[in-house]
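Residue numbers (the numbering used here): 1 to 456.
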Amino acid sequence: MSSLLLARAALRAPYETRLARADRRVIAARRDRQLCSMVQFAATSVPFWQQVFASTDLDPGDVRGLTDMSALPMCDRDQVGVDPDAFRSSRAAGADSTLQGSGGSTGIPVRVYQDRASTMRSFAPRLRFDSVTTAAGAGSRPRRYVIANPDSVSSRRRALFRRGLVGRVAGGGRFKSGSNFTSLAEHIEVINAFRPQILKAFGSVLEALFEHADRTDTLVHRPRLAVFSADALSDSGRRLLEHRFGIESFGYYGAAEAPHIGFECEAHLGFHINEDLFPVRVVDHRGDDLGPGEEGEVVISNLVFRDTVLLNYRLGDRAQWLEGPCPCGRGLPLLSFITGRVEEWLLGPDGEVVHPEALTTLVRNQPGIRRFQFRQRSLSRIELSVVGEPADRDGLERTLREGVEQRIAPGVELEIKLVEELARTSGGKVKGVISDLTGTRDVARARSARPPAPGL
């Protein structure tokens with residue numbers, strides 16, 4: 001991050017804080033103006049939307065706001081995953097874009113490209129969330145963060161650091177970025193040495209980390225705040241952080257396709273949606289909009305990215321709008337917490353729990369794979385179901401077997417099956433990893449219990 005970008009962000013922070021607390025009608029009007037502009041942009045430069053408007057009686061000018069989006073077709077991970085170029089704008093400077101591919105945690109890896117010009121606009125929701133963390137006691141900038149990321153994100157951050165784009169100017173080393181594959185003990189060593197004010201990680205990583213710290217009594221430095229995203233922090237996990245360690249936790253709602261959808265505020269009721277940048281619809285099975293208190297599927301439009309353009313995009317999450325103003329005073333609409341985003345962990349033969357990305361990162365972006373799902377049947381057996389036809393099945397098998405041996409344990413049997421469809425949860429989600437042995441909420445019990453003998 002350059003000093004110029006930091007300076008511009010600092011100047012914009014008061015405006016973004018005020019905008020988040022503006023009257024609901026002001027925010028909605030801003031949302032509708034930007035949505036209309038993006039629909040026009042997509043209709044003239046994005047193949048998927050060009051085809052939609054060319055083959056129907058729909059006209060881009062008919063979309064005057066979010067309420068009109070129900071007239072347009074929805075798209076989903078399947079479509080973007082199979083044909084990502086259909087959603088890329090011909091007017092974007094592709095050479096300046098960066099890949100924001102999803103981790104495949106839902107079993108459907110997606111490649112999304114963010115144009116460089118949108119980077120500054122991405123600061124807006126971060127600055128709005130800054131007002132929350134400042135009020136919660138994290139202090140003003142500069143702050144120190146420890147961030148546990150998916151391995152691919154960590155690699156990208158390390159590459160940016162080498163190029164001088166993050167870390168140095170941004171506070172002289174105020175970020176420590178680690179991997180989800182780092183052991184819990186190593187994470188604690190970094191926290192104790194670096195002494196961050198804020199710890200950011202997947203909810204499941206935070207939960208396992210502080211359960212480990214509680215059992216081992218090794219956490220000397222306690223961050224002021226913990227921020228989780230990607231998967232949920234359970235109620236028991238929140239209580240552990242708050243009551244045992246005195247750390248307040250906040251959720252941040254985002255995805256590779258739309259990284260800054262919403263954030264949790266001091267009232268801890270749900271997510272404030274940045275609807276002027278990432279407007280959300282909650283719909284039923286027919287695609288009709290639902291009102292407050294009615295749970296449905298979350299559909300988002302990304303008004304920031306202008307390389308990969310996603311409008312009326314089905315994330316697969318389920319939630320509901322919350323009624324009434326939030327006690328915090330922000331005018332941004334309030335969405336309930338997301339259900340069904342808790343990832344399942346794996347259990348190694350030695351009783352050590354392993355984050356699901358240890359497997360999903362082996363498969364993401366593999367040519368020919370449309371969807372995938374790992375299932376741990378026993379301590380010594382893992383199944384991989386694949387929808388599609390891998391371009392190099394022998395090479396894929398070698399990669400997977402080597403990865404499982406390095407990341408889980410030697411001698412674990414791996415079976416690869418080609419299937420037509422994958423198992424879904426009761427809420428309709430496809431999970432990238434299913435364990436018959438343990439889930440996130442059983443991590444403490446699984447780690448403390450003596451594991452059964454291999455092969456059971």
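Don't be surprised by glycine CBs; every beta carbon is placed ideally from N, CA and C.
When the Cα atoms are used, what is the spatial distance from residue i to residue j?
i, j, result
"S385", "A232", "25 Å"
"R30", "I369", "40 Å"
"A28", "G293", "20 Å"
"P196", "V227", "12 Å"
"V283", "V52", "21 Å"
"F48", "A86", "5 Å"
"R137", "Y15", "One detail in the question is off: residue 137 reads as Gly in this sequence, not Arg. Taking the straight line from one Cα to the other gives about 21 Å."
"H285", "L66", "18 Å"
"G171", "R144", "The predicted model places G171 with a pLDDT of 41, which falls under 50 and marks its position as unreliable, so this point remains unresolved."
"R281", "V132", "24 Å"
"C458", "L334", "Here the chain covers residues 1 to 456 and nothing more, so residue 458 does not appear."
"D350", "M38", "52 Å"
"G324", "S55", "41 Å"
"G251", "N180", "18 Å"
"R168", "R12", "Caution is warranted here: a pLDDT of 37 is assigned to R168, below 50, making its placement in the model unreliable, and the coordinate value is therefore given only provisionally. Taking the straight line joining both Cα atoms gives about 22 Å."
"R121", "L290", "29 Å"
"A71", "V26", "24 Å"
"L462", "R375", "Residue 462 lies beyond the stretch modelled for the chain, which goes from 1 to 456, so this question has no answer here."
"L19", "A117", "22 Å"
"V342", "G411", "In this predicted model, V342 has a pLDDT of only 44, less than 50, meaning its place in the structure is not dependable enough to derive any value."
"S177", "S183", "14 Å"
"W345", "F123", "32 Å"
"E357", "A213", "22 Å"
"R398", "Q79", "28 Å"
"I191", "G203", "17 Å"
"L99", "T308", "10 Å"
"L303", "A185", "40 Å"
"F175", "A135", "21 Å"
"G316", "V298", "6 Å"
"I382", "C328", "47 Å"
When you compare each of the options to residue i by their alpha carbons, which one comes out closest?
i, options, result
"Q50", "M120, R24, R88 and F278", "R88"
"D115", "H187, G411, R91 and L240", "R91"
"E264", "L277, S249 and F278", "S249"
"V220", "A135, G137 and F245", "F245"
"P367", "T134, R381 and R393", "R393"
"R24", "R330, S140, I434 and P349", "R330"
"S378", "R398, E415 and D276", "E415"
"V110", "P84, A391, C328 and Q40", "P84"
"F278", "Q376, S179 and G262", "G262"
"D288", "V63, Q34 and D68", "D68"
"L311", "D76, Y253 and S55", "D76"
"S45", "V412, P60 and V205", "P60"
"N365", "S336, R12, L332 and E389", "E389"
"H272", "S234, I247 and W321", "W321"
"P125", "E357, T17 and R401", "T17"
"R306", "I191, D57, I434 and A43", "A43"
"C36", "R21, D62 and A22", "D62"
"L127", "K417, A22 and H260", "H260"
"G496", "L362, E420 and R174", "Residue 496 lies beyond the stretch modelled for the chain, which goes from 1 to 456, so this question has no answer here."
"A22", "G203, A93 and D276", "D276"
"L359", "L332, F337, E397 and R407", "R407"
"K417", "E405, G203, K431 and V387", "V387"
"A201", "S234, S229, A185 and E383", "S229"
"R224", "G81, R215 and L199", "L199"
"T218", "E383, E189 and Q34", "E189"
"T119", "L58, D96, R215 and N149", "D96"
"V413", "P73, E420 and V404", "The amino acid occupying residue 413 in the given sequence is Glu; Val does not appear at that position. Nearest C-alpha to E413: V404."
"Q373", "C328, E420 and S380", "E420"
"N149", "G270, V205 and T134", "V205"
Return the Cβ separation of residue i and residue j in integer angstroms, given the expectation that the two are a contact with Cβ distance under 8 Å.
i, j, result
"I300", "A258", "5 Å"
"G237", "E266", "About 19 Å separates the two Cβ atoms, so there is no contact after all."
"R318", "G296", "7 Å"
"L209", "H187", "6 Å"
"L478", "L437", "Residue 478 falls outside the range modelled here, since the chain spans only 1 to 456, and no answer is possible."
"L240", "E211", "7 Å"
Based on DSSP bridge pairs, tell me the residues matched to residue i.
i, result
"E413", "R381"
"D115", "D115 pairs with nothing; no bridge assigned."
"G270", "G270 is not bridged to any residue."
"D289", "V283"
"E420", "Per DSSP, none; premise fails for E420."
"I434", "R375"
"L35", "L35 pairs with nothing; no bridge assigned."
Does at least one heavy atom of the ligand HEM sit under 7 Å from the Cβ of residue i?
i, result
"G262", "This structure simply doesn't include the ligand HEM, nor any ligand for that matter."
At which residue ranges does the stretch 348-397 contain complete alpha helix (DSSP H) runs of 4 or more residues, listed in the order of the chain?
357-363
Fully enclosed by the stretch 118-153, which alpha helix (DSSP H) runs are 4 residues long or longer?
123-133
Counting only runs of 3+ residues fully inside the stretch 170-205, write out the beta strand (DSSP E) ranges in chain order.
175-179 and 198-202
Continuous alpha helix (DSSP H) assignments of at least 4 residues falling wholly in the stretch 52-104
77-82
Ignoring anything shorter than 3 residues or poking outside the stretch 295-329, list the beta strand (DSSP E) runs there in chain order.
296-300 and 313-319
Residue ranges of each alpha helix (DSSP H) within the stretch 220-260, 4 or longer:
235-239
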